[in-house]
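Residue numbers (my numbering), protein chains in the order written: chain F, 1 to 359; chain W, 360 to 632; chain G, 633 to 897.
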Amino acid sequence: MNFRNRALGRFLSPILALLTSLTAPLAAADEPAKLRIAVVANSTSGTPVFVGPPQRLASDQEFQQALRQRNVELEWVPVSSAAVATLTNEAFTNRRIDFAFYGDLPSVILNASGIKTRLLVPGNLGTNTYLAVPANSGARSLQDLKGKRIALHRGRPWEVSFAKLLEANGLGFNDFRIINLNPQAGAAALASGGVEGFFTLDDAYVLEERGIAKVIWSSHQAPHDWKMRAELWGSEEFINRYPELTQLLATATVRAMHWISRDENRDEYIRLQARFGLPETVIRRDADANQVTWKDYWAPLFTDSLKKHYEQVAAHAHRNKLIRKSVEAAELFASPGFVNRALQELGLEHYWNTAEAWQ
Amino acid sequence: MAVIGEVLTGPADRPRRSLRLNPAVLAPLVSPLALLAIWYWVASREIFPEQILVPPGVVLEAFRELTESGELQEHLGISLYRLTLGFLIGALSGLIFGVLLALSRQVRDYAGSLFQALRQIPTLALIPMFILFFGIGETLKVVIIVKATFFPVAVAAWDGVKGIPTQYLEVGHLYRLKRRDLWLRLVLPAAVSPLLTGIRIALGRSWLVLVAVELLAADSGIGQMMELARQMMRLDIVMVGVFVTGIIGFALDKGFRLLERLLLRGRIAEKTT
Amino acid sequence: MSGNAPRRPGEAGRLLHLKGWLVPVLLLAVWQYMAGLSQAHAHAFVPLQQVVEAARQLILSGELWLNLLGSLQRTSTGLVIGSLAGLALGILLAFSRIALTLVSPLFHSIRQVPLLGLTPLIALWMGNGEPAKIFLVSLAAFYPLVLNTYEGLRNVDPQYQELGRILGFNRLLLFRRVLLPAALPSIFTGLQQAVPFAWITALGSELLFNAGTGLGSLMMTAEVGARMDIIIVCAVTVTLLGMLMSYLVGALANRVLNRGTVKTG
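Encoded structure:
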């Protein structure tokens, strides 16, 4: 009798735990006890290191203080850079997070699937993308890779950049064998000769510095809307329900981007980012290549070109059957009011060139 | 060692007199149908968002779409092709090597320990290594399946042949059976039972490993279909994949059991276990 | 890894048998040669000294231990949960025909789905962290335990059951004193199958979920820079740990079963 009851109990409690974990997300939405933000992080060495503005946000004392006063706990939810898009989207679907700093295409895919998120604060003005080939390859341009295998992680923001490149060369996805590999696997595949090309972010430079690969195309010279974008996204439900908290986060994010955008902080920012895994040299190389000033690069403004960018992303996703229903770009944006109020609160209305910004 | 899993094959397989009555035949269907009904009900009530718990209707629709466009057949075909190729190579070489291990002292001396050591390495642990060696093409998948199949089959063959009572071999020797006859008429049939079990288990493992590899690194195949669907938040396609892989696994397993039963029909008395 | 019993001690003497070392040493020599051929070759055929060096660094920096611990924790938690659940279900199925009729078909159908193929579903339903991975590992341990517990209980020699009845045991006593001990060997067989399977599933979950600490995660990170040396170190560690765990469970089985046999005999 004892044994069976105990066994039964032990059998049931994990089941109960599982059930609770499944239903908990539904319950949590009733109270803003926590502010959960997903962030690209790396934690193989123990303490998580974040990419981009969240790094500043995490050490923003004013922000933490304000949250504490409202009895809101800030929870960072780390996602591995290997699968940011999927993990973040799943976390939004599951209501495990309220906000996320992540990319354009995944957000479109998420919204197309029925989960509503909104762009709260635009991120930096376009991250560069690169096309790499093995170091001993004879390929000099995309045309040379026609019919060959190219590693591209699908559903990630830089896919749109790749699509633009294809379009400009009069080619399509069908002209290549696209292999869906995450950036780590893609790098390994390139190194071992498993693929003839690899399209990714500046981790391509790491391979180049190692002598494993060479970069034959970069988006440095390309128009801005060719580059990938990452922003602060939030669940529509949360934004509508807790506008003050949302504003708090928006202001803190704008503050962070302001700090980063100052020339005197540039070096320190790069140094901090290098802790994430990419060497400083690579980060600098990528940062130096931008056509705009460092300050303008970090302008968190809603503009027409932002909207155009998203229209293109949505169009690409729809055209390539990544999503079933198309998405209206304009619907993806939260009210610019949050950003504008943030600028006001921080006294930054004239810091950036707001001539084209939406009001 | 008792063959696990054969006992729990359900009421329809057990020698019961009530087999002919309708309830006993229908009984196995009760719980799957009940589960299906619960699924349908929970989904229609929208207790969970549609993106998390996909309604059965949507999964069915996705299945229809995938079969119409031929995508499902294509992916499945590729996966099965890889499985078959790798399995044939692995099983055949495993069989030969296992029998050699059992029969030849020399082979045992030279390769026995290495075999035992290599056998312990989990196939999954080798995937990153093999990716670096073989890239991510077909070779990788076939090699992985060969590895997953070779060792269990070799061990099963070794056990099977080892288990043949020495009397059999002595009798064979007495009758001066030729080498070939020794093998075909004596060794193989006696080893068949544990061998088939080993092959069946190896097949199940290989399917598991193949799906894992395809999830990680492939441009085609059922695993890749599921992974891509996951990245595009198409949970309905993922579920189609889950069902299909399950059904294939089930078919492979059942098919082999049937084969075992057919081949062993006359051999129950001769079983050495 | 098939479920053969652990090797007997007498075979350890074979290790010193020179013939057995010939082929491995030859292979290693070929490996070293390939590594020396060219830079590109050194990539895949990493020179052995580099592997040793990588091992040293990983151990010194504590990274190996950290990730090993992560994998072990995952595996043991999953094993405990899965085995206990499997044991419970096995017992239930052995004694309740209704439960058997209802559960058996479901059980078999779900069992056929490759565990790692469930990853996308589980990732969505349970997230990407520990609970999801532990769930997968528990499932891996669950199946063999259910099957072997059931079989063990149903295959108890009827003589024992008769004896128990003669002695006037009620059902509970019969279960505790006769059936369960008689089923223990089978249950331990199940455990011996569950352990390697759980270990491999833990590894697989780390490879596929890419988050957290674990030998699989370490391997994936090593893949970025194509660090074959780290991958080899991890693979060796995984293998050794797997062997160790199988051995320990086997030893445990021997101890428990010896005592068990004395008790009911």
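By construction, the Cβ of each residue, glycine as well, lies at the ideal position given by its N, Cα and C atoms.
- Confirm, please, whether the CB-CB distance from residue 154 of chain F to residue 180 of chain F is below 8 Å. yes
- Message: Quick check on the DSSP output: what are the complete alpha helix (DSSP H) runs of length 4 or more inside the segment 755-798 of chain G, in order along the chain?
- Response: 762-786 and 790-798
- Task: Measure the alpha-carbon distance for residue 74 of chain F versus residue 183 of chain F and round it to whole angstroms.
- Result: 29 Å
- Message: Does residue 127 of chain F come out as helix, strand or coil in the three-state DSSP assignment?
- Response: strand
- Query: Where does residue 400 of chain W land, buried or exposed, given buried means 16+ other C-beta within 10 angstroms?
  - Reply: exposed
- Message: Counting only Cβ pairs nearer than 9 Å, list the residues of chain F close to residue 578 of chain W.
- Response: 149, 177, 178, 179, 180 and 181
- Message: Using DSSP's beta-bridge definition, name the partner residues of residue 102 of chain F.
- Response: F:231
- Task: Give every residue of the same chain whose Cβ lies closer than 7 Å to the Cβ of residue 575 of chain W, excluding the five residues on either side of it in the sequence, and list them in chain order.
- Result: 486
- Query: To the nearest angstrom, how far is it from the Cα of residue 240 of chain F to the Cα of residue 36 of chain F?
  - Reply: 16 Å
- Item | Residues near residue 603 of chain G in its chain [Cβ-Cβ closer than 6 Å; skip 5 each side] | Because residue 603 of chain G is not part of the residues shown, which for chain G are 633 to 897, the question remains open.
- Message: Helix, strand or coil, according to DSSP, for residue 217 of chain F in the structure here?
- Response: strand
- Nearest-angstrom Cα distance between residue 242 of chain F and residue 786 of chain G? 59 Å
- Consider the Cβ of residue 96 of chain F: report whether some Cβ of chain G lies at a distance smaller than 8 Å. yes
- Query: Out of curiosity, what's the CA-to-CA distance linking residue 2 of chain F and residue 767 of chain G?
  - Reply: Residue confidence for residue 2 of chain F is low, a pLDDT of 44 falling below 50, so the modelled location carries little weight and cannot support an answer.
- Item | Simplified DSSP assignment, three categories, for residue 35 of chain F | strand
- Task: May I have the straight-line CA-CA distance separating residue 323 of chain F from residue 317 of chain F, to the nearest angstrom?
- Result: 6 Å
- Task: Report yes if the CB atom of residue 835 of chain G is closer than 8 Å to the CB atom of residue 484 of chain W, and no otherwise.
- Result: yes
- Message: Just verifying my parser: in three-state terms, what is the DSSP assignment at residue 52 of chain F?
- Response: coil
- Item | Local conformation of residue 152 of chain F per DSSP, three classes | coil
- Counting contacts by CB-CB distance shorter than 8 Å, is residue 497 of chain W in contact with chain F? no
- Members of the segment 753-764 of chain G that neighbour chain F once the beta carbon cut-off is set at 7 Å: 755, 756, 757, 758, 759, 760 and 763
- Mind checking whether residue 482 of chain W and residue 513 of chain W have CB atoms under 8 Å apart? no
- Going by the CB atoms, is the gap between residue 597 of chain W and residue 898 of chain G shorter than 8 Å? Because chain G spans 633 through 897 in this model, residue 898 of chain G falls outside it and cannot be assessed.
- Message: Looking at chain W, is there any beta carbon in it that lies within less than 8 Å of the beta carbon of residue 849 of chain G?
- Response: no
- Among G:888, G:874, G:683 and G:692, which one has its Cα closest to the Cα of residue 864 of chain G? G:683
- In whole angstroms, what separates the C-alpha of residue 79 of chain F from that of residue 331 of chain F? 26 Å
- Message: Residues of the segment 865-884 of chain G in Cβ contact with chain W at a cutoff of 8 Å, in chain order, please.
- Response: 866, 867, 870, 871, 874 and 875
- Task: Run through the segment 157-230 of chain F for me and flag every whole alpha helix (DSSP H) of 4 or more residues, listed as ranges in chain order.
- Result: 158-168, 183-192 and 203-209
- Item | Exposure label - residue 715 of chain G; buried when at least 16 CB within 10 Å | buried
- Query: What's the C-alpha gap between residue 695 of chain G and residue 681 of chain G?
  - Reply: 19 Å
- Buried or exposed: residue 823 of chain G, going by 16 or more other Cβ atoms within 10 Å of its Cβ? buried
- Amino acids of chain W, ordered along the chain, whose beta-carbon sits closer than 8 Å to that of residue 154 of chain F: 587, 590 and 591
- Which chain W residues sit within Cβ distance under 8 Å of residue 361 of chain F? There is simply no residue 361 of chain F to check, as chain F begins at 1 and stops at 359 in what is shown.
- Would you check if there are 3 or more beta carbon pairs closer than 8 Å linking the segment 220-240 of chain F to the segment 153-173 of chain F? yes
- Message: I want to verify the contact list: residues of chain G whose CB lies under 9 Å from the CB of residue 595 of chain W, in sequence order.
- Response: Residues of chain G passing the Cβ test: none, with the nearest at roughly 11 Å.
- Task: Would you mind sorting residue 781 of chain G into buried or exposed? The rule is 16 or more other CB atoms within 10 Å of its CB.
- Result: buried
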